[in-house]
Every structure is written in C-alpha cells, then in structure tokens.
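*Asks:*
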Amino acid sequence: MDTRAAELASKLAEEHALALFEYGYLAARLGDAELRDELASLARAVREPIYGHGVFIRGLIEFSSFCTNDCLYCGLRASNAACERYRLEPEQILACTEQGYSLGFRTFVLQSGEDPQYSDERLCAIVSAIKGAHPDCAVTLSVGERTRESYRLLREAGVDRYLLRHETADPAHYARLHPASMSWDRRMRCLYDLRDLGYAVGCGFMVGSPYQTPAALARDLAFIQEFRPEMCGIGPFVPHHATPFADRPSGTLEQTLGLLSIIRLIHPFVLLPATTALATIDPCGRELGMEAGANVAMPNLSPAGVRTRYALYDGKACTGDEAAECRRDLDRSLESFGYRVVIDRGDPRGVTRGQA
Ligand code: SAH
Ligand code: SF4
Numbered sequence: 003m004d005t006r007a008a009e010l011a012s013k014l015a016e017e018h019a020l021a022l023f024e025y026g027y028l029a030a031r032l033g034d035a036e037l038r039d040e041l042a043s044l045a046r047a048v049r050e051p052i053y054g055h056g057v058f059i060r061g062l063i064e065f066s067s068f069c070t071n072d073c074l075y076c077g078l079r080a081s082n083a084a085c086e087r088y089r090l091e092p093e094q095i096l097a098c099t100e101q102g103y104s105l106g107f108r109t110f111v112l113q114s115g116e117d118p119q120y121s122d123e124r125l126c127a128i129v130s131a132i133k134g135a136h137p138d139c140a141v142t143l144s145v146g147e148r149t150r151e152s153y154r155l156l157r158e159a160g161v162d163r164y165l166l167r168h169e170t171a172d173p174a175h176y177a178r179l180h181p182a183s184m185s186w187d188r189r190m191r192c193l194y195d196l197r198d199l200g201y202a203v204g205c206g207f208m209v210g211s212p213y214q215t216p217a218a219l220a221r222d223l224a225f226i227q228e229f230r231p232e233m234c235g236i237g238p239f240v241p242h243h244a245t246p247f248a249d250r251p252s253g254t255l256e257q258t259l260g261l262l263s264i265i266r267l268i269h270p271f272v273l274l275p276a277t278t279a280l281a282t283i284d285p286c287g288r289e290l291g292m293e294a295g296a297n298v299a300m301p302n303l304s305p306a307g308v309r310t311r312y313a314l315y316d317g318k319a320c321t322g323d324e325a326a327e328c329r330r331d332l333d334r335s336l337e338s339f340g341y342r343v344v345i346d347r348g349d350p351r352g353v354t355r356g357q358a
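According to my numbering, the sequence shown is numbered sequentially starting from 3.
Structure follows, in structure tokens:
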C-alpha cells in the first residue's frame, strides 16, 4: 500500500470525509489487497460500537417484473421481449409478509420494475394492509421514479423507507447506461423529494458498470458524503444475456468490498447491505461484505415460482430456495463468520443528516 493511500484511509476514518480527488485516488487503488484490508479493518472498527456483529435482515418481495423503462444493463428492461413477466396479487404479497414475519423479518422491501399497473391507489392499499397486519414492521418501497405527489401519498399510507439507487453521480456516465428518455436530473430530484417527505432514503450504484471510471466512482462517494443517505445499496454489475451489455465483465468482488468499507467510513451509522449481486459473484460474497463493513442482508421472500423471472442479471443467487431455507442458510453462513441476525426493524440510527 502506498503511503498516500494509507494516509487517506486514516484521514477518512477520522474525519468521515475526503475531497473528490482523494476519493478518486483511493477508488483507483482498490486492486491493492493491503489497502482493502486496511479499509476493512477501519470500517469494522467504526461499525463495532454502533452495530457490533448484528446483522439486520430485510425480506425482499419482488412483486412485478413488468417495467416501462429501458435501462441498458437490466434484464427487466422493456425491450427484452424474452423476459417472462409476472405480477403478484395483493393477497400473494401479503402471504409473503406472513411467512416472512414468522421467519423473524420485521422489514419488508417491496420491489418491482416501473409498472404503471401499480397505481398509487393500489400500492397504498397493499401498504396499508401490510401495516395493518404487522404494525411492528417497517415497509420499504423500491419501485423507481414517481411523482412527488405519488411519494407523498405512499408515505401517508405508511411507507417508512425508499430505495432508489442513483446509479451513478456522473450525468455523462448516466447517459451511457440509460436511454435518452431517462434523465439523471429527474432521478436525483426523486431522491431529494423522498428525503423532503420524511422517508429514510437509500441511494446506491453498481460497481463495475460499463464505462465506470475511478473519477465516476469518486463522484458517487462525494455524493454519498453530501447526501447522507440512511441506507446505501451497492453491488457489482452482473451482465444479463439479453441486454446491450451482455458481453461486459461483471464488477469485481474486490472493488465492491473496498467501496463498502469506504462507505461505512463516510457514514458510520449507514444501513449497508451486502447485496444478492455480491453473493452471486462469490459464494461467500455476503459474509465478506459484512467483513468489509456491511450490516444488512436482504434475503428473498418472493414465491419460489417467480424468483427466476425477476432476472435483473444472469445467475442470481438463491433463486431456487424456499424462503425458510434461505433464512436458515443465511443464519448458518453468517454465524460461521461470527455474525448473528437481529430480529428487529433495524431503523436508521444516529444523526445521519445535517452533520458537519
Ligand atoms: N425498478 C426499480 C427497482 C428495481 S431495479 C429501480 O430501477 O429503481 C433495482 C436495482 O437493480 C437497480 O437500481 C440497479 O442498480 C440494479 N440492477 C439492475 N440491473 C443490474 C445488473 N445487470 N447488475 C447488477 N445490478 C443491477
Ligand atoms: Fe426497470 Fe429498474 Fe431494471 Fe431500470 S433497473 S429496467 S427501472 S427494473
């Protein structure tokens, strides 16, 4: 590890902030195992007094694979005619939450493509039903870009948190990953609307997406520093065979782990999942993610019959298992690395906003 990188790692651990060019310097050096180890050990040290070795779990329910958007990287993109589309009925979604509740889940993440069939009215009714049945649970939505009014109604209906990855903080990079009909400004606007409306907000990006450079990653990290999200979802880009990026390489385990550590150091309190994409590119991805500073896992609660059809990318981990099996495997594998699942809503802690 060069001296400059070591200095920047300690500065980040002490001050929780770096300048854009400093993030660029670190992002370009994540191939260095010694630097990654240093970042991971600093990240664990800041996480330890806050979360210890506890891992929060969120039950992911992928309720519709229909999408009107055409993100170039995603298997659910509208132009993928071969994608098998499905929608879960409200009763099926509720059944997933019932099963999840009995397995110890206290947060449900409802995710889908951008599917206009789920009007505000329909989504609000589903959320109210879940909150009615489980008032002790948090509901997170991850259904893409909607109007401020829509976000307002959903918040009123009881949605607690919202995941909307910013995908990249570099507008030129965004334009290479999305069709011209999609706008970086609009996506960013959505994140600020969600924040204004009182949601706990999660942003995030793919690691190793096509055309990503250390300079683009530096902008992601600077954005995360400034925006202070309550949650941050990052995982490797993984190609999907029926997209324009079919032949692109996946993001790497190493780079993802290094970035997880950096994000933990920027925001010690952030809720940071080790994602399914990370578990997809490495059988120990989830556990190594925790070792790098993550503290959240999001096992799949979708009915086993539809799992393979929610194919954002190829080879998605855990598509064959029943929810209960997934949960048992998760417990076992986390335990072998010294972590334990916490039965709790896992609300954001600490002051993550408005700090210096
Ligand atoms: N439609 C919603 C939520 C579902 S997509 C939305 O786009 O916000 C959820 C996330 O999956 C996206 O934000 C993107 O970062 C990720 N994703 C999509 N395609 C991917 C791929 N090929 N590899 C890795 N992650 C991908
Ligand atoms: Fe649709 Fe989300 Fe996939 Fe984009 S990333 S195509 S919005 S499901």
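Even glycine gets a Cβ: it sits at the ideal position worked out from N, Cα and C.
Below 6 Å CB to CB, which residues in the same chain sit around Arg359 once its five sequence neighbours on both sides are set aside?
*Replies:* Shown here, the chain extends from 3 to 358; a query on residue 359 therefore has no answer.
*Asks:* Compute the distance between the beta-carbons of Arg150 and Asp195, then report whether it is under 8 Å.
*Replies:* Sequence index remark: in the sequence shown, residue 150 carries index 148 (1-based). Sequence index remark: in the sequence shown, residue 195 carries index 193 (1-based). Yes, these two residues count as a Cβ contact at 8 Å.
*Asks:* Considering only heavy atoms of ligand 1, does any lie closer than 7 Å to the CB of Ala218?
*Replies:* The residue given as residue 218 occupies position 216 in the sequence shown. Incorrect: Ala218 has no Cβ contact closer than 7 Å to ligand 1.
*Asks:* Using 8 Å as the cut-off, can you tell me whether the segment 91–109 makes contact with the segment 48–66, which would need three or more C-beta pairs spanning the two stretches below that distance?
*Replies:* Judged by Cβ distances under 8 Å, the segment 91–109 makes contact with the segment 48–66, as three or more pairs qualify.
*Asks:* What is the DSSP secondary structure of Gly200, counted as helix, strand or coil?
*Replies:* Here residue 200 refers to the residue found at position 198 when the sequence shown is read from its first residue. The answer is coil: DSSP assigns Gly200 none of H, G, I, E or B.
*Asks:* Quick check: the Cα distance between Leu156 and Cys126, rounded to an integer number of angstroms?
*Replies:* By one-based count along the sequence shown, residue 156 stands at place 154. By one-based count along the sequence shown, residue 126 stands at place 124. Roughly 6 Å separates the two Cα atoms.
*Asks:* Which residue comes first and which comes last in the alpha helix (DSSP H) that contains Thr99?
*Replies:* Reading the sequence shown from its first residue, position 97 is the one you call residue 99. 92–104 is the span of the alpha helix (DSSP H), which, as asked, contains Thr99.
*Asks:* Is the separation between the beta-carbon of Ser263 and that of Ala294 shorter than 8 Å?
*Replies:* Locating residue 263 in the sequence shown gives position 261, counting from the first residue. Locating residue 294 in the sequence shown gives position 292, counting from the first residue. Cβ atoms of Ser263 and Ala294: closer than 8 Å.
*Asks:* Between the C-alpha atoms of Gln357 and Glu232, what's the straight-line distance to the nearest angstrom?
*Replies:* Position 355 of the sequence shown, counting from 1, holds the residue named residue 357. Position 230 of the sequence shown, counting from 1, holds the residue named residue 232. Reliability of the predicted coordinates at Gln357 is poor, the pLDDT of 39 falling under 50, and the value obtained from them is presented with this limitation in mind. Near 13 Å, if we compare the C-alpha coordinates of Glu232 and Gln357.
*Asks:* Alpha carbon to alpha carbon, how far is Leu90 from Ala131?
*Replies:* Looking up residue 90 in the sequence shown gives position 88. Looking up residue 131 in the sequence shown gives position 129. If I take the Cα positions, the gap works out to 15 Å.
*Asks:* Confirm the yes/no value for this check: CB of Ala177, any heavy atom of ligand 1, distance under 7 Å.
*Replies:* In the sequence shown, the residue the question calls residue 177 occupies position 175. Result no, Cβ not under 7 Å from ligand 1.
*Asks:* Judging by CA-CA distance, which residue of Pro246, Pro285, Pro275 is the nearest neighbour of Leu78?
*Replies:* By one-based count along the sequence shown, residue 78 stands at place 76. Nearest option by C-alpha distance: Pro246.
*Asks:* Could you give the distance in angstroms between the alpha-carbon of Glu16 and the alpha-carbon of Ser185?
*Replies:* In the sequence shown, the residue the question calls residue 16 occupies position 14. In the sequence shown, the residue the question calls residue 185 occupies position 183. So the two alpha carbons sit approximately 36 Å from each other.
*Asks:* Assuming Pro92 contacts Ile128 (C-beta within less than 8 Å), just tell me the rounded distance between them.
*Replies:* Reading the sequence shown from its first residue, position 90 is the one you call residue 92. Reading the sequence shown from its first residue, position 126 is the one you call residue 128. Sure, about 5 Å apart at Cβ, within 8 Å.
*Asks:* In the segment 147–174, which residue ranges form an unbroken beta strand (DSSP E) of at least 3 residues, counting only runs that do not cross its ends?
*Replies:* Within the segment 147–174, the complete beta strand (DSSP E) runs of at least 3 residues are 163–165.
*Asks:* For Pro51, does the three-state DSSP call read helix, strand or coil?
*Replies:* By 1-based counting over the sequence shown, the position of residue 51 is 49. Helix.
*Asks:* Check for me: the alpha helix (DSSP H) holding Val308 runs from which residue to which?
*Replies:* Locating residue 308 in the sequence shown gives position 306, where the first residue counts as 1. Taken as a continuous stretch (DSSP letters only), the alpha helix (DSSP H) holding Val308 covers 306–309.
*Asks:* With a Cβ-Cβ cutoff of 8 Å, do Arg309 and Ser67 count as a contact?
*Replies:* The residue labelled residue 309 in the question sits at position 307 within the sequence shown. The residue labelled residue 67 in the question sits at position 65 within the sequence shown. No, these two residues do not count as a Cβ contact at 8 Å.
*Asks:* In whole angstroms, give me the CA-to-CA distance for Gln94 and Phe65.
*Replies:* Indexing the sequence shown from 1 puts residue 94 at position 92. Indexing the sequence shown from 1 puts residue 65 at position 63. Roughly 9 Å between the two C-alpha positions.
*Asks:* Considering just the uninterrupted stretch of the alpha helix (DSSP H) at Gly26, what are its terminal residues?
*Replies:* Along the sequence shown, read from residue 1 onward, the residue named residue 26 stands at position 24. From DSSP, the alpha helix (DSSP H) with Gly26 extends over 22–29.
*Asks:* Give a single yes or no on whether Glu86 has its beta carbon closer than 7 Å to a heavy atom of ligand 2.
*Replies:* On the sequence shown, position 84 is the one that residue 86 refers to. Every heavy atom of ligand 2 is 7 Å or more from the Cβ of Glu86, so no.
*Asks:* Determine the closest residue to Arg191 out of Arg148, Ala35, Gly134, with distance taken between C-alpha atoms.
*Replies:* Residue mapping note: residue 191 aligns to position 189 of the sequence shown, counting from 1. Arg191 has its Cα closest to that of Arg148, out of Arg148, Ala35, Gly134.
*Asks:* Where do the N-terminal and C-terminal ends of the beta strand (DSSP E) with Gln113 fall, by residue?
*Replies:* Position 111 of the sequence shown, counting from 1, holds the residue named residue 113. Run containing Gln113: 109–114, per the beta strand (DSSP E) assignment.
*Asks:* Helix, strand or coil for Ala140, going by three-state DSSP, please let me know.
*Replies:* As a working mapping, residue 140 is identified with position 138 in the sequence shown. Reduced to three states, the DSSP call for Ala140 is strand.
*Asks:* What is the DSSP secondary structure of Ala299, reduced to helix, strand or coil?
*Replies:* Residue 299 sits at position 297 when you count from the first residue of the sequence shown. Looking at Ala299 - three-state DSSP - the assignment turns out to be strand.
*Asks:* Within 7 Å: the Cβ of Tyr75 and any heavy atom of ligand 1?
*Replies:* Here residue 75 corresponds to residue number 73 of the sequence shown, with the count starting at 1. The answer is yes for Tyr75.
*Asks:* Cα separation between Cys160 and Tyr27?
*Replies:* Counting from 1 along the sequence shown, the entry for residue 160 is found at position 158. Counting from 1 along the sequence shown, the entry for residue 27 is found at position 25. Here residue 160 is Gly; the residue named in the question, Cys, does not match the sequence. Cα-Cα distance, rounded: 42 Å.
*Asks:* Any heavy atom of ligand 1 closer than 7 Å to the Cβ of His18?
*Replies:* For the purposes of this step, residue 18 is taken as the residue at position 16 of the sequence shown. No, the Cβ of His18 stays beyond 7 Å of every heavy atom of ligand 1.
*Asks:* How big is the Cα-Cα spacing for Cys73 and Ala182?
*Replies:* Counting from 1 along the sequence shown, the entry for residue 73 is found at position 71. Counting from 1 along the sequence shown, the entry for residue 182 is found at position 180. Cα to Cα, Cys73 sits roughly 10 Å from Ala182.
*Asks:* Among the residues of its own chain, which have a CB less than 6 Å from the CB of Val272, if the five just before and after it don't count?
*Replies:* For the purposes of this step, residue 272 is taken as the residue at position 270 of the sequence shown. The answer, listed in chain order, is Cys234.
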